[in-house]
Amino acid sequence: MTRTGLGQTALTVAALTLAFVFIYLPVGTLLLFSLHDGRVPVPPFEGPTLEWYGRVLSDDRIVEATGQSVLVGVVSALISVSLAFLAGWGLARHRIPGKRLIEALLLMPLAVSFLIVGVGLLVAFGSVIPKSVGFIIIGHVVLNLPLAFAILYVQFDATQGRLEQAARDLGAREWQVFTRVTLPLMRVPVIAALALCFTFSWDEFIVAFLLTGFDPTLPVVIWGLLRTGLDPQTNAAGTLVFLVSIMTFLAVELAVFRKRKP
Amino acid sequence: MSTTPEKQRARRDRRRAYALVAPAALWTLCFFLLPTLAIFRLSFFEKTGGTLAETPSLANYERFFEQSYFIESLWTTVGLTAIVFVLSLLLAYPLAALIAFRVPQKLQRLCLMLAVLPFWTSYVVRSYAWLLVLAPNGVVNTTLLRMGLLSEPLTLSFTQGATVVGFVHFFTMLATLTIYAALVRIDRRLLLAARDLGASGWQVFTRIVLPLSMPGLAAGAFLIVVFTVGDYITPQILGGNNDLVLPQTIIMQIQRRADIHMAATLSVFMMLVVGLAYLALARRLTVDRS
Chain A
0 MTRTGLGQTA LTVAALTLAF VFIYLPVGTL LLFSLHDGRV PVPPFEGPTL EWYGRVLSDD
60 RIVEATGQSV LVGVVSALIS VSLAFLAGWG LARHRIPGKR LIEALLLMPL AVSFLIVGVG
120 LLVAFGSVIP KSVGFIIIGH VVLNLPLAFA ILYVQFDATQ GRLEQAARDL GAREWQVFTR
180 VTLPLMRVPV IAALALCFTF SWDEFIVAFL LTGFDPTLPV VIWGLLRTGL DPQTNAAGTL
240 VFLVSIMTFL AVELAVFRKR KP
Chain B
0 MSTTPEKQRA RRDRRRAYAL VAPAALWTLC FFLLPTLAIF RLSFFEKTGG TLAETPSLAN
60 YERFFEQSYF IESLWTTVGL TAIVFVLSLL LAYPLAALIA FRVPQKLQRL CLMLAVLPFW
120 TSYVVRSYAW LLVLAPNGVV NTTLLRMGLL SEPLTLSFTQ GATVVGFVHF FTMLATLTIY
180 AALVRIDRRL LLAARDLGAS GWQVFTRIVL PLSMPGLAAG AFLIVVFTVG DYITPQILGG
240 NNDLVLPQTI IMQIQRRADI HMAATLSVFM MLVVGLAYLA LARRLTVDRS
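From first to last, the protein sequence lines stand for chains A and B.
Note that numbering that gives the first Met the number 0 has the first sequence beginning at 0, numbered continuously upward.
Note that numbering that gives the first Met the number 0 has the second sequence beginning at 0, numbered continuously upward.
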């Protein structure tokens, strides 16, 4: 390697390091001080201790909210991906009038702030649907549907269509085509979409905040914890929320990556 | 009119397609489009006492322009979005370019993944984490004090600056992704050819790299506008109670004043800001589907 090459490499490494320090500063601080042995999570660091994690795991409000969040995440992911899958399949396999319009309609919520979705649901259905976990799920499907559709739609390609046709010609019924050909071929994108929708819902605050009744989701409860100021217990709860998202993300990344490498 | 078997099949085909699309389309119509239209409609009805005004009027809009409180939140939103927009792209572009052009191919995917991993922190948690960093006795102040660069801690948290930092951090990750995606698709031979023909580094950048990465840049830019204009959490946690933005005044109308009419009116202005940004970027947003 030439001297200028080396200099350039050093410069690249230095710039990347600086960028990564900025990117990881908040999460790093959050994580480190979740282990802090003291009442306020600020330097100098002392510890480590797992005391705050113990408190989080024995806090009924947090545990219950975690249950609600998992419920909302799983159900809204299942509904969004099912609806998106059917719509993507229908639009990819058939030529129908108004195709462009339907695509635009399905993707439209992506261009609008989550706050608008929440306020809109309150305005339109606030007097009909009680504020509840069910209402949050409705809202989260609105947010997740365009995402799942965008992921799945591009994955239905013509080769698959020909395989489906071949199965039909060989005498397979429609449901057999679906369960034996279409679904197995789409397994990876479906899993990816499910995981992405789950993490989105798991982290989502504003819609859940506006539509929640007496059983809030985890981000809403953590929001409530913030009123007491900086607290190592909030660090611990936040770290756990982060770890769940990361693990979902990494699991998918690994699954998809392994699939690509023959 | 005779129906050939082919026509019949085409019709059956179409019916099947509509049946498959219907659930998703109906969900979006019912729970997204209808509510959004309801916001517009409600903004034309003033809240009078406990009941809805009978006739539509512009009363809510008049109130918006009469009370400095509302207008100021609109301008704060626009100003904040502009600052966040510029800073995020200024940070994300070099980072994306660095990963796309300087990092060895094999490490690029890993590098990108590392660069966006904290993206998956819930935004409530992420803002809280910045509060830890920026607090008077937080990491930044403590470090600077210990290094002797400061004699007393700076007021970093609960300022608009803190809101900007929180946003810029998030969008640097997001825009790095979209810009990188556009940069890796650029044919390297174009850059070499331009160099051979005598173009300077700057010319290569402005004439080739920048135009070709425009779709990624515009996509990132649009996402930045949508999220900054609509986010309640980041300014609420990091900005404290000064310089309120539109989402904060909207939530305040709903929670403290129970005035969903005014909230709807403010939402209309929020959509207006995003709509204008979309029009400004639309020409560059044409992403080819290949």
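The C-beta atom is built at its ideal place from N, Cα and C for all residues, glycine as well.
Because the structure is a prediction, the values reported are computed rather than measured.
Open item on the list: Taking CB distances under 8 angstroms as the criterion, tell me whether A:TRP174 reaches chain B.
Closed with: For the purposes of this step, residue 174 of chain A is taken as the residue at position 175 of the first sequence. No, A:TRP174 lies away from the interface with chain B (no Cβ there is under 8 angstroms from its Cβ).
Open item on the list: Once the 5 residues before and after B:ALA262 are set aside, which same chain residues still bring their CB inside 7 angstroms of it?
Closed with: If you number the second sequence from 1, residue 262 of chain B lands on position 263. Excluding residues within five positions, the ones whose Cβ falls inside 7 angstroms are ILE249, GLN252, ILE253.
- [ ] Would you mind sorting B:ASN240 into buried or exposed? The rule is 16 or more other CB atoms within 10 Å of its CB.
- [x] Taking the first residue of the second sequence as 1, we reach residue 240 of chain B at position 241. Classification of B:ASN240: exposed, given that the 10 Å Cβ count is below 16.
Task: Within chain A, the residues that B:ASP12 reaches when beta carbons sit closer than 7 angstroms - done: Within the second sequence, numbered from 1, the residue matching residue 12 of chain B stands at position 13. Here the neighbours are HIS93.
Open item on the list: What does the Cβ neighbour count give for B:SER56, buried or exposed, with the cut at 16 atoms within 10 Å?
Closed with: Along the second sequence, one-based indexing puts residue 56 of chain B at 57. B:SER56 comes out exposed.
Task: DSSP state of B:THR47 mapped onto helix, strand, coil - done: On the second sequence, residue 47 of chain B is found 48 positions in, with the first residue counted as 1. In this structure, B:THR47 counts as strand in the three-state DSSP scheme.
Task: Closest Cα partner of A:ARG186 within the set A:GLU102, A:PRO108, A:LEU146, A:GLN154 - done: Position 187 of the first sequence, counted from the start, is the residue given in the question as residue 186 of chain A. Nearest option by C-alpha distance: A:GLN154.
Task: Classification of A:ASP230 by the beta-carbon crowding that lies within 10 angstroms, buried from 16 upward - done: Sequence index remark: in the first sequence, residue 230 of chain A carries index 231 (1-based). Buried, because 16 or more other Cβ atoms sit within 10 Å of the Cβ of A:ASP230.
- [ ] Select from A:ALA250, A:PRO43, A:TYR23 the residue whose C-alpha is nearest the C-alpha of B:ARG145.
- [x] Sequence index remark: in the second sequence, residue 145 of chain B carries index 146 (1-based). Nearest option by C-alpha distance: A:PRO43.
Open item on the list: Check whether the region 198-206 of chain A and the region 109-120 of chain A are in contact - that is, three or more C-beta pairs closer than 8 angstroms.
Closed with: yes
Open item on the list: Which runs of the beta strand (DSSP E) at least 3 residues long sit entirely within the region 129-176 of chain A? Give them in chain order.
Closed with: none
Task: Sufficient close CB pairs (3 or more, under 8 angstroms) joining the region 72-81 of chain B to the region 153-168 of chain A - done: no
TODO: Anything in the region 28-59 of chain B with a Cβ closer than 8 angstroms to a Cβ of chain A? List those residues in chain order, please.
DONE: LEU28, PHE30, PHE31, LEU32, LEU33, PRO34, THR35, ALA37, ILE38, LEU41
Task: Nearest candidate by alpha-carbon position, reference A:PHE241, set A:LEU15, A:SER75, A:ALA166, A:THR65 - done: In the first sequence, counting from the first residue as 1, residue 241 of chain A sits at position 242. The option with the nearest alpha carbon to A:PHE241 is A:THR65.
- [ ] Specify, as a first and last residue, the run of the alpha helix (DSSP H) that A:CYS196 falls within.
- [x] For the purposes of this step, residue 196 of chain A is taken as residue 197 along the first sequence, with counting starting at 1. Where A:CYS196 is concerned, the enclosing alpha helix (DSSP H) stretches over 186-202.
Task: Under 8 angstroms between C-beta atoms of A:PHE148 and A:ALA83 - done: Counting from 1 along the first sequence, the entry for residue 148 of chain A is found at position 149. Counting from 1 along the first sequence, the entry for residue 83 of chain A is found at position 84. Yes, they are a contact pair.
TODO: Note down, in chain order, each residue of its chain lying with its Cβ closer than 8 angstroms to the Cβ of A:MET246, except the 5 sequence neighbours on either side.
DONE: Residue numbering aside, residue 246 of chain A sits at position 247 when the first sequence is read from its first letter. Same-chain partners within the cutoff: there are none.
TODO: Would you check if the distance between the CB atom of A:VAL243 and the CB atom of A:TRP201 is smaller than 8 angstroms?
DONE: On the first sequence, position 244 is the one that residue 243 of chain A refers to. On the first sequence, position 202 is the one that residue 201 of chain A refers to. Yes, these two residues count as a Cβ contact at 8 angstroms.
Task: Members of the region 222-247 of chain A near chain B, C-beta cut-off 7 angstroms - done: TRP222, LEU225, LEU229, THR233, GLY237, VAL240, PHE241, SER244, ILE245
Open item on the list: Determine, for B:ARG101, whether the minimum Cβ-Cβ distance to residues of chain A falls below 8 angstroms.
Closed with: As a first step, residue 101 of chain B must be located in the second sequence, where it is residue number 102. It does: the Cβ of B:ARG101 has a partner Cβ on chain A nearer than 8 angstroms.
Task: Same chain, Cβ closer than 6 angstroms to A:LEU17, neighbours up to 5 away in sequence not counted - done: Translated into positions along the first sequence, residue 17 of chain A becomes position 18. Counting only Cβ-Cβ distances below 6 angstroms, and skipping sequence neighbours, we find nothing.
Task: Cβ-Cβ separation, B:TYR17 to A:ALA110 (assumed contact under 8 angstroms), whole Å - done: Working through the first sequence from its first residue, we reach residue 110 of chain A at position 111. Working through the second sequence from its first residue, we reach residue 17 of chain B at position 18. That pair is no contact at about 25 angstroms.
Open item on the list: For B:PHE63, report the span of its alpha helix (DSSP H) as first-last.
Closed with: Looking up residue 63 of chain B in the second sequence gives position 64. Start and end: 58-65.
Task: Proximal chain B residues relative to A:VAL20, where beta-carbon distance stays under 7 angstroms - done: Along the first sequence, read from residue 1 onward, the residue named residue 20 of chain A stands at position 21. Those do not exist, as A:VAL20 stays about 11 angstroms from chain B at its closest Cβ, beyond 7 angstroms.
Open item on the list: Suppose contacts are defined by Cβ-Cβ distances below 8 angstroms. Is A:ALA192 in contact with A:ILE150 by that definition?
Closed with: Here residue 192 of chain A corresponds to residue number 193 of the first sequence, with the count starting at 1. Here residue 150 of chain A corresponds to residue number 151 of the first sequence, with the count starting at 1. Cβ atoms of A:ALA192 and A:ILE150: closer than 8 angstroms.
Task: Cβ shell of B:PRO117 (< 6 angstroms), same chain only, five flanking positions each side left out - done: Position 118 of the second sequence, counted from the start, is the residue given in the question as residue 117 of chain B. Excluding residues within five positions, none has a Cβ falling inside 6 angstroms.
Task: Min CB distance A:LEU104 to chain B below 8 angstroms - done: Mapped onto the first sequence, residue 104 of chain A falls at position 105. With 8 angstroms as the cut-off, A:LEU104 counts as an interface residue toward chain B.
Task: Alpha-carbon to alpha-carbon, A:ALA166 and A:SER75 - done: Taking the first residue of the first sequence as position 1, residue 75 of chain A is located at position 76. Taking the first residue of the first sequence as position 1, residue 166 of chain A is located at position 167. If you take the alpha carbons of A:SER75 and A:ALA166, they lie about 32 angstroms apart.
Open item on the list: Give me the chain B residues within the contact set of A:ASP202, using Cβ-Cβ distance strictly less than 7 angstroms, ordered along the chain.
Closed with: The residue given as residue 202 of chain A occupies position 203 in the first sequence. Within chain B, the residues near A:ASP202 are SER121, TYR122.
Task: Option in B:TYR127, B:THR3, B:PRO4, B:GLN107 with minimal Cα separation from B:THR291 - done: Outside the shown range of chain B, which is 0 to 289, sits residue 291 of chain B, and nothing can be said about it.
Task: Where B:PHE204 falls: helix, strand or coil (DSSP) - done: Start at 1 with the first residue of the second sequence, and residue 204 of chain B comes out as number 205. Note: B:PHE204 maps to helix in three-state DSSP.
Task: Closer than 8 angstroms at the beta carbon, the chain A residues around B:ALA23 - done: By one-based count along the second sequence, residue 23 of chain B stands at place 24. Here the neighbours are LEU82, ALA83, LEU85, ALA86, LEU105, LEU144, PHE148.
Open item on the list: Under 8 angstroms, Cβ to Cβ, is there at least one residue of chain B near A:ILE135?
Closed with: Along the first sequence, read from residue 1 onward, the residue named residue 135 of chain A stands at position 136. False, the Cβ-Cβ gap to chain B never drops below 8 angstroms.
Open item on the list: Taking the alpha carbon of A:PRO188 as the reference point, which residue from A:GLU50, A:GLY6, A:LEU56, A:ALA254 has its own alpha carbon closest?
Closed with: Against the first sequence, residue 188 of chain A aligns to sequence position 189. Of the listed residues, the one whose Cα sits closest to A:PRO188 is A:ALA254.
Open item on the list: So A:PHE32 contacts chain B; which residues on that side make the cut at Cβ distance below 8 angstroms?
Closed with: Translated into positions along the first sequence, residue 32 of chain A becomes position 33. Chain B residues near A:PHE32: LEU131.
Open item on the list: Out of A:LEU15, A:GLY6, A:THR11, A:THR233, which one is the CA nearest neighbour of B:LEU130?
Closed with: On the second sequence, position 131 is the one that residue 130 of chain B refers to. The shortest Cα separation from B:LEU130 among A:LEU15, A:GLY6, A:THR11, A:THR233 belongs to A:THR233.
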